[in-house]
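First residue of the sequence shown? That's 52 in the working numbering, and the numbers climb one at a time after it. We treat Cβ as the ideally placed atom computed from N, Cα and C, and that holds for glycine. Taking it in order: structure first as structure tokens, then the write-up.
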Amino acid sequence: MTEALSRPDRETLLPALGETGWLAVPGRDAIRKVLKFRNFSEAWGFMSRAALLAEKLNHHPEWKNVYNVVDVTLTTHDCHGLSRLDVDLAKAMDRIAGTAEVQRDHGEPVMSLCEIRSRTV
């Protein structure tokens, strides 16, 4: 069984992830990142590459995709919270995200380009 991150590991590992846009999920022991790509193809390409990484780690994200936006939450269900698997997968996703924009304010609604364009027409 996978072990939850210890307090010292959290203090060492999580701040660096926070700098890249991974934020705590209120009410859960999980981290979340919202990525906005230039288009659907880039978002889907990221998800495909991330899926291959996740499969190698045998650790799978909770995620949602709407057009150019990928909304990812990481937690380890085996230990009911954050583990080293989440840290490793978050770092790997950061490496393959390329020039994706990171939405750092998770209190704001997440809007895809389609939704933005439909409001301006």
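DSSP puts residue i in a beta bridge; with which residues?
i           : result
residue 116 : 121
residue 152 : 87
One question on the structure: do residue i and residue j come within less than 8 Å of each other, judged by their Cβ atoms?
i           : j           : result
residue 116 : residue 144 : no
residue 80  : residue 149 : no
residue 151 : residue 125 : no
residue 153 : residue 122 : no
residue 130 : residue 53  : yes
residue 100 : residue 147 : yes
residue 169 : residue 119 : no
residue 155 : residue 78  : no
residue 68  : residue 157 : no
Is residue i helix, strand or coil when you go by DSSP?
i           : result
residue 170 : helix
residue 55  : strand
residue 159 : coil
Does the region 128–138 come within contact of the region 84–103, defined as at least 3 CB pairs closer than 8 Å? no
Quick one: which unbroken alpha helix (DSSP H) runs of 4-plus residues sit fully inside the region 66–137? Chain order, please. 91–108
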